[in-house]
Amino acid sequence: MRILALITVIITGIILIYGTVDMPDWGDPNSPASKHVSPEYIEEALEKTATPNIVTAVLADYRSYDTLGETAVIFTAGIACILILRRRRQRK
Amino acid sequence: MISITDDIIIRAVARILIPFIQVYALYVIMHGHHSPGGGFQGGVILGASFILYLITHGLEEAKEKMSELKAGLLSTFGILLYSGIGLLCLIMGRNYLDYGGLSTILKVVPAQARSLGILGIEIGVGITVMAIMFSVFFDISTGGILPEDEEDLGVNR
Numbered sequence: 013m014r015i016l017a018l019i020t021v022i023i024t025g026i027i028l029i030y031g032t033v034d035m036p037d038w039g040d041p042n043s044p045a046s047k048h049v050s051p052e053y054i055e056e057a058l059e060k061t062a063t064p065n066i067v068t069a070v071l072a073d074y075r076s077y078d079t080l081g082e083t084a085v086i087f088t089a090g091i092a093c094i095l096i097l098r099r100r101r102q103r104k
Numbered sequence: 012m013i014s015i016t017d018d019i020i021i022r023a024v025a026r027i028l029i030p031f032i033q034v035y036a037l038y039v040i041m042h043g044h045h046s047p048g049g050g051f052q053g054g055v056i057l058g059a060s061f062i063l064y065l066i067t068h069g070l071e072e073a074k075e076k077m078s079e080l081k082a083g084l085l086s087t088f089g090i091l092l093y094s095g096i097g098l099l100c101l102i103m104g105r106n107y108l109d110y111g112g113l114s115t116i117l118k119v120v121p122a123q124a125r126s127l128g129i130l131g132i133e134i135g136v137g138i139t140v141m142a143i144m145f146s147v148f149f150d151i152s153t154g155g156i157l158p159e160d161e162e163d164l165g166v167n168r
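Residue numbers (the numbering used here), protein chains in the order written: chain L, 13 to 104; chain Z, 12 to 168.
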């Protein structure tokens with residue numbers, strides 16, 4: 013059974029490594045990820061959002077809905093902490 | 012349970028440090044447009060200043076500055092500010108959180124309106140993160156039991 017598990021792990025590992033062979037190089041400007049929306053962000057972020065920090069522009073403007081969710085996650089963590097820990101006296 | 016310390020050095024150092032920490036936190040939030048930083052980072056620094064006050068001055072004094080009720084209300088206010096700005100954009104005829112729609116209210120060009128919208132939501136995020144940081148620390152340090160409820164809950168410390 014252990015041998016079988018080891019063989020499965022090795023075969024899966026080989027498949028995963030094979031999958032990375034034709035991935036683009038690190039930081040390749042011609043990779044699909046760098047060609048899709050990144051050039052637009054880099055070229056037009058300052059002009060469209062008047063924000064020199066592109067990271068902030070992407071985080072809080074282009075991907076604003078995502079940041080709203082992140083804030084909700086923080087809020088949920090705090091609410092969970094209150095629900096689990098806080099004990100109040102019974103109000104009569 | 013955090014009790015009041017009589018150590019003059021701890022209290023004095025905290026009293027000197029806290030205003031600087033808070034000013035730095037506001038700087039990190041406001042300067043997110045130009046440098047690394049923003050609502051999350053600045054909010055954590057701001058929360059740390061209140062936690063430092065709680066550690067050094069004890070629960071009773073800290074509750075005058077920032078109570079668990081205030082923290083809860085502020086955390087909801089931050090998210091409300093964020094989603095409210097988004098809703099305002101929706102009312103102005105744009106997509107949700109498309110700050111270009113705020114240009115008619117703020118009377119600036121759309122690019123500047125986007126910049127101000129980013130600032131608005133960063134402030135909302137900062138308020139929420141600060142309040143939640145304090146609230147979580149408050150609950151963990153007290154075990155969730157407030158001093159006035161200790162007798163009723165039969166807790167001996």
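Quick reminder that beta carbons are idealized off the backbone N, C-alpha and C, glycines included.
Partners in chain B for A59/Z, counting only beta-carbon separations shorter than 9 Å: Absent from the structure: chain B. Protein chains present are L and Z.
Under 7 Å by beta carbon: chain L residues contacting G155/Z: Simply L97, R98, R99.
Any C-beta of chain Z under 9 Å from that of Y53/L: Chain Z contact via Cβ: absent.
Pick from Q33/Z, V39/Z, S46/Z, I40/Z that is closest to I62/Z, judged by C-alpha positions: Considering only alpha carbons, the answer is Q33/Z.
Distance CB(L92/Z)-CB(I134/Z) smaller than 9 Å: Yes. Within cutoff.
Per-residue contacts from G81/L into chain Z (C-beta, under 8 Å): By Cβ distance, chain Z contributes nothing, its closest Cβ being about 10 Å from G81/L, past 8 Å.
I9/L at chain Z interface by Cβ criterion, 9 Å: Lying before the first or after the last residue shown, residue 9/L is absent from chain L, which here runs from 13 to 104.
For G39/L and M141/Z, the rounded distance between their alpha carbons: Those two C-alpha atoms are separated by around 36 Å.
Reduced DSSP category for R99/L - H, G, I as helix; E, B as strand; rest coil: R99/L: strand per DSSP, three-state reduction.
Any non-hydrogen atom of the ligand HEM within 8 Å of V34/Z CB: As presented, the structure is devoid of all ligands, the ligand HEM included, so that no description of it is given.
Contacts of D150/Z in chain L (Cβ-Cβ under 9 Å): By Cβ distance, chain L contributes G90, C93, I94, I96, L97, R98.
Span separating the alpha-carbon of I20/Z from that of L28/Z: Computed Cα separation, rounded: 12 Å.
contact_flag[the stretch 65-81 of chain Z, the stretch 147-156 of chain Z] where n(CB pairs < 8 Å) is 3 or more: The stretch 65-81 of chain Z and the stretch 147-156 of chain Z touch, with no fewer than 3 CB-CB distances between them shorter than 8 Å.
Inter-residue Cα distance where the pair is D34/L and L28/L: One C-alpha to the other measures close to 11 Å.
Alpha helix (DSSP H) runs wholly inside the stretch 107-131 of chain Z, at least 4 long, in chain order: Complete alpha helix (DSSP H) runs here, min 4: 114-117.
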